[in-house]
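Okay, structure first, notes after.
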Amino acid sequence: MPGADVFASGLEWLQVPEDGEDDTEISRLLLVDDSTILVSTIRTDGGTRSEEQAVFGNGFGNGLVTIVRRLMSTGLAGTESIESD
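So, in structure tokens, the structure goes:
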């Protein structure tokens with residue numbers, strides 16, 4: 061997608077649960093025009109089957125949009141973009 065910033069988060073706690081009991085990982089964060097967010101998670105059932113679910117929010121003042129926008133801006137500031145095809 062032309063003009064898109066793509067990066068891998070350096071925030072380990074977003075990817076791997078610390079307690080080992082939670083098998084849900086954040087899979088994707090998609091922020092569009094700084095006001096619409098899609099957050100998906102993947103849950104693995106014993107390592108054989110994965111299920112992905114997502115939620116979305118919109119509006120510049122939406123709490124979910126605000127926190128993810130801040131997390132992503134932190135990631136973009138400290139990480140070089142990954143080129144997408």
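Numbering (this note's numbering), first residue to last: 61 to 145.
Here a beta-carbon is modelled for each residue, glycine too, at the ideal position from N, C-alpha and C.
Candidates the options, of which the one nearest residue i by Cα
i, options, result
"D105", "R130, P62, E85 and D65", "E85"
"D93", "P62, R130 and F120", "F120"
"A108", "D83, S95, L124 and N118", "Sequence inspection shows Thr at residue 108; the Ala mentioned does not correspond to that position. Ranking the options by Cα distance to T108, first place goes to D83."
Test item: CB-CB of residue i and residue j under 8 Å
i, j, result
"R129", "L91", "yes"
"L89", "F116", "no"
"A114", "S100", "yes"
"E112", "I127", "no"
Threshold first: 3 residues or longer. Then list the beta strand (DSSP E) segments lying entirely within the stretch 82-142, N to C. Listed in chain order, they are 84-92, 96-105 and 109-118.
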